[in-house]
Every structure is written in structure tokens, then in C-alpha cells.
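**Q** Dumping the structure here so I can ask a few things about it.
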Amino acid sequence: MPHAAQDHSRDPCPWVILNDLGGAFVMGAVGGGIWHSVKGAKNSPRHERMLGAVTAMKARAPVLGGNFAVWGGLFSTFDCALKGVRQKEDPWNSILSGAITGGVLAARGGAKAATVSAVVGGSLLALIEGIGIAITRMTADQSRPVMPQVCEGLFRFVFE
Amino acid sequence: MLRRSVTNLRGPLLKQQQRAFSASRPSLANDTRRSALISQQTVKEWKDLTAPQKVVAATKTSANIGLILAGAAVTGTILYYVGSELFSSQSSTHIFSDALDRVRQHEELSAMLGSPIKGHGEPSRSRSRRNRRILHQLAQDSEGNEHLLMRFYVEGPDNEGTCIVNMVKDDNGKWQYKQLYVDVPGQGLPSRRIFIEGSANTSRRA
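Chains as they are written, first to last, in full-length UniProt numbering: chain X, 1 to 160; chain R, 1 to 206.
Here it is as C-alpha cells:
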């Protein structure tokens, strides 16, 4: 049976943090660029819309990109840390990483603000993981043709 | 002089407020009041709307309520899935965790694989999916018993292997191990199968 365990689409754990940080920065910068340029254009006088758009985007979009990058980098770091500590991969890693990231990012506001932010981050990641779990459960009931397995029961293994 | 002008203003203002809150007032939409700041209304009363406008308003309200209920249903479904997956002892996450613990405690396997044994699932083709999730399959055999089949990979510093889990549902509805074995390749043969639960003969009978 060919060993399909090597994951060639993602980097191994320390380097995937850089990947995620960069990806999050681009998402924040591009999204923030569009959002703030539209907002700047709307809030400018009619003959200065282009200038207003560019000015607002230059001022705000890198900030948003930086915020997203910090969130993504911290999340990926805690995810890799949990994978190393627990030595297994399951939905708990993402949820706990989201919670710790939320807590760390709000830590300057004190313990109570950090707790609230951790709960919010954890529930957000739980919702995102829930979609993946729902899809996994639905594919568990599907039947697909596969190679016959060694054990000669009257049922078949079906995997992706 | 200033005070008198203020009291002069306040008198009719108070009267307006009293009239605004009395039950037998005329419809606000037709009132022309001096102070638009107090009694400004942009929404019409229900009885002021004509019949088609009432239909439109009712449709809008029911559509909004339907949207809220749909969102609540989707959120509730996802929360149920998450809760049952994380906290139930019959979920695939718990089964994977239990199977991995058994693999780690097996002396022969930990001698063969090395000391910290790491368990993960199938790598996914999409870049966005970070965790290699454990997929499982539910099947029914010829006697009508339900089976749960799962495969995950175990990796240690010295070696790696594939672990196959085959569970059957007993009378209480709980999953029981029927077969649990690990294939470790490269032991002289193509792969060596180490049984933790069950044996090579248990699959003959369902």
C-alpha cells in the first residue's frame, strides 16, 4: 500500500508560520486597500475622489494588513506549538490556538478582557472547524469504489 | 427677558409632549407640529398603510424573520456538530485519541517506532486545510451490525506505520474494538502487521 502520509502541499511546521503570516498580510492589505479606497472616495469632495481614495488607502491598508498578519502568525505559531506538544492532529488544535491568540492579542487590557477575547476567538475557530467536521461526517456516509482490503469481510473500506 | 422666552417655549412644548403620549391622539403622520425634533416619525402606522403596502411590509418582515431563523438553524447545526465531535465519547476524534493512546502504550510498537509517537490523518490537497484530518467510514456488514472503519498514520523517530481501526457497535450503541492493528513497513517483509486488538481471524465472522 503506497504510503500517502507525506504532505507535499504544505511546509513542515516551523516554516508554515511564515507562509501563513504572509498570506494573512496579503489578505488584510488587499481587502483593506479596497475597503479604505472606497471609503476614502466616498468621503471626499467630488473633484478629489481619486486623491482621497489613495490617501485613505495609503494610511489605513498597511495597518489592516499588519493586524491580519499578527493574528495569522500568532495563530499558526500556537497551532504548531500544540501539534508539537500533543503529538496528534485533531480539531482541538485549531480551537485552542484561536482561543490563545485571542487572549494574547487582548492581554494588554487585563485578565477579563483577555478571557473574553479568548472565548470569542475560540468560538470563531470552533464554528470554522465545525464546517469541516460536518463535511467529514457527511463524507463518512458515502460509498465509493476502492481497492479490496486484506480482511475478507463482506464490506469494504472506503476512503478518499 | 431671556427667561420669559424660554418659559414661553416650554409651555407649548410640554403641551405637545402631553398630547403626544395620550392615547386618543390623532395619527402622527398627519400632524403638523412645530418641533420636528420631538415628534419626527418616518415610519407610518399600520392602519395608515394601503393594502398593497401592507402586503409589502408583511412580506419584508416575514422574510427578515425567515432569514434570522435560517441563520440560527445553521449556527445551531454547526454548534451541535462541533459539540458532539469534541465532547462525545463516541465521536471519531475520541476514538482516534483512544486508539493512539493504545498504540503509544504498546511495548512492541513503541520499541519499533521510537519514543514520541505522532498521529495524523490523510494529507489534504487544498492548501487552506491545515490539519490532516482523520477520515472514517461507516459501513454495515452482512449481519446488519454497524462498523466504523478508520485509518491514520503513526510516525515515530525510527519508523512510521499505518494504523487501521475497525470498530463494531454493540447493543448499548457504543463502539467496541473489533480489530486494531498497525502496519509497519520495512521490517524485512513488505509490512509487518501488529495486532493490538483482535487478530487476523476475527474478520471471518461479522
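Ideal Cβ positions, reconstructed from N, Cα and C, are used throughout, including at glycine. Since this is a predicted model, take the numbers as computed values, not measurements.
#1: Can you find the residues in the same chain that come closer than 8 Å, C-beta to C-beta, to residue 63 of chain X, ignoring five residues on each side of it along the sequence?
#2: Spatial neighbours of residue 150 of chain X within its chain, please: C-beta separation below 6 Å, excluding the five flanking residues on both sides.
#3: Applying a beta-carbon distance threshold of less than 9 Å, which residues of chain R neighbour residue 127 of chain X?
#4: May I have the straight-line CA-CA distance separating residue 57 of chain X from residue 27 of chain X, to the nearest angstrom?
#5: Where does residue 153 of chain R land, buried or exposed, given buried means 16+ other C-beta within 10 angstroms?
#6: Compare the C-alpha of residue 118 of chain X against each of X:133, X:130, X:131 and X:94 and name the closest.
#7: Taking the straight line between their C-alpha atoms, what separation do you get for residue 134 of chain R and residue 51 of chain R?
#8: State yes or no: is the beta carbon of residue 88 of chain X nearer than 7 Å to at least one beta carbon in chain R?
#9: Could you check whether the Cβ of residue 17 of chain X sits closer than 7 Å to any Cβ belonging to chain R?
#10: On the DSSP bridge list, what partners appear for residue 163 of chain R?
#11: Is the beta carbon of residue 158 of chain R closer than 7 Å to that of residue 186 of chain R?
#12: Contact criterion: CB-CB distance below 7 Å. Does residue 90 of chain R meet it with respect to chain X?
#13: What residues of chain R sit near residue 94 of chain X, judged by a beta carbon separation below 8 Å?
#14: Indicate whether at least one CB of chain X lies closer than 7 Å to the CB of residue 109 of chain R.
#15: Leaving aside the five residues before and after residue 104 of chain X along the sequence, list all residues of the same chain whose C-beta is less than 7 Å from its C-beta, in chain order.
#16: Determine the closest residue to residue 12 of chain X out of R:99, R:86, R:68 and R:132, with distance taken between C-alpha atoms.
#17: In this structure, does DSSP put residue 67 of chain R in helix, strand or coil?
#18: When the Cα atoms are used, what is the spatial distance from residue 147 of chain R to residue 95 of chain R?
#19: Between residue 80 of chain X and the rest of its own chain, which residues show a CB-CB distance below 8 Å, the 5 nearest in sequence each way excluded?
#20: Please tell me whether, using a cut-off of 6 Å, the distance from the CB of residue 110 of chain R to the nearest non-hydrogen atom of the ligand FMN is below it.
#21: What is the rounded straight-line gap between the Cα of residue 195 of chain R and the Cα of residue 143 of chain R?
#22: Looking only at its own chain, which residues have a Cβ that is under 7 Å from the Cβ of residue 175 of chain R, when we skip the five neighbours before and after it?
**A** In terms of the structure at hand:
#1: Taking the first residue of the first sequence as position 1, residue 63 of chain X is located at position 63. Around residue 63 of chain X: 32.
#2: For this step, residue 150 of chain X is matched to residue 150 along the first sequence. Caution applies to residue 150 of chain X, whose pLDDT of 42 falls short of 50 and renders its modelled position unreliable; the model cannot decide the point.
#3: Translated into positions along the first sequence, residue 127 of chain X becomes position 127. The answer, in chain order, is 75, 78, 79 and 82.
#4: If you number the first sequence from 1, residue 57 of chain X lands on position 57. If you number the first sequence from 1, residue 27 of chain X lands on position 27. Computed Cα separation, rounded: 14 Å.
#5: Taking the first residue of the second sequence as position 1, residue 153 of chain R is located at position 153. Residue 153 of chain R comes out buried.
#6: For this step, residue 118 of chain X is matched to residue 118 along the first sequence. Looking at the Cα atoms, X:94 is the closest of the given residues.
#7: Start at 1 with the first residue of the second sequence, and residue 134 of chain R comes out as number 134. Start at 1 with the first residue of the second sequence, and residue 51 of chain R comes out as number 51. Their Cα atoms are separated by approximately 58 Å.
#8: In the first sequence, counting from the first residue as 1, residue 88 of chain X sits at position 88. Closer than 7 Å: yes.
#9: Stepping through the first sequence from its first residue, residue 17 of chain X is reached at position 17. Judged by the 7 Å Cβ criterion, residue 17 of chain X is not in contact with chain R.
#10: The residue you call residue 163 of chain R lines up with position 163 of the second sequence. BP columns for residue 163 of chain R point to R:152 and R:182.
#11: As a position in the second sequence, residue 186 of chain R is number 186, starting the count at 1. As a position in the second sequence, residue 158 of chain R is number 158, starting the count at 1. Cβ distance not < 7 Å, so residue 186 of chain R and residue 158 of chain R don't count as in contact.
#12: Your numbering for residue 90 of chain R matches position 90 in the second sequence. Chain X, which has no Cβ nearer than 7 Å to the Cβ of residue 90 of chain R, makes this no.
#13: Indexing the first sequence from 1 puts residue 94 of chain X at position 94. Under the 8 Å cutoff, chain R gives 130 and 131.
#14: Within the second sequence, residue 109 of chain R is the residue found at index 109, counting from 1. No, because no Cβ of chain X sits closer than 7 Å to the Cβ of residue 109 of chain R.
#15: For the purposes of this step, residue 104 of chain X is identified with residue 104 of the first sequence, where counting begins at 1. The residues 74, in chain order, have a CB closer than 7 Å to that of residue 104 of chain X in the same chain once the five nearest residues on each side in sequence are set aside.
#16: Residue 12 of chain X sits at position 12 when you count from the first residue of the first sequence. In terms of Cα proximity to residue 12 of chain X, the closest of R:99, R:86, R:68 and R:132 is R:132.
#17: Position 67 of the second sequence, counting from 1, holds the residue named residue 67 of chain R. Note: residue 67 of chain R maps to helix in three-state DSSP.
#18: Sequence index remark: in the second sequence, residue 147 of chain R carries index 147 (1-based). Sequence index remark: in the second sequence, residue 95 of chain R carries index 95 (1-based). Those two C-alpha atoms are separated by around 13 Å.
#19: For the purposes of this step, residue 80 of chain X is taken as residue 80 along the first sequence, with counting starting at 1. For residue 80 of chain X, where only same-chain residues beyond five positions count, the Cβ hits under 8 Å are 13, 14, 16 and 17.
#20: Of the ligands one can find in the structure shown there are none, so the ligand FMN has no counterpart to examine.
#21: Residue numbering aside, residue 195 of chain R sits at position 195 when the second sequence is read from its first letter. Residue numbering aside, residue 143 of chain R sits at position 143 when the second sequence is read from its first letter. Spanning the two alpha carbons is a distance of roughly 24 Å.
#22: Sequence index remark: in the second sequence, residue 175 of chain R carries index 175 (1-based). Closer than 7 Å at Cβ, skipping near neighbours: 90, 95, 148, 167 and 169.
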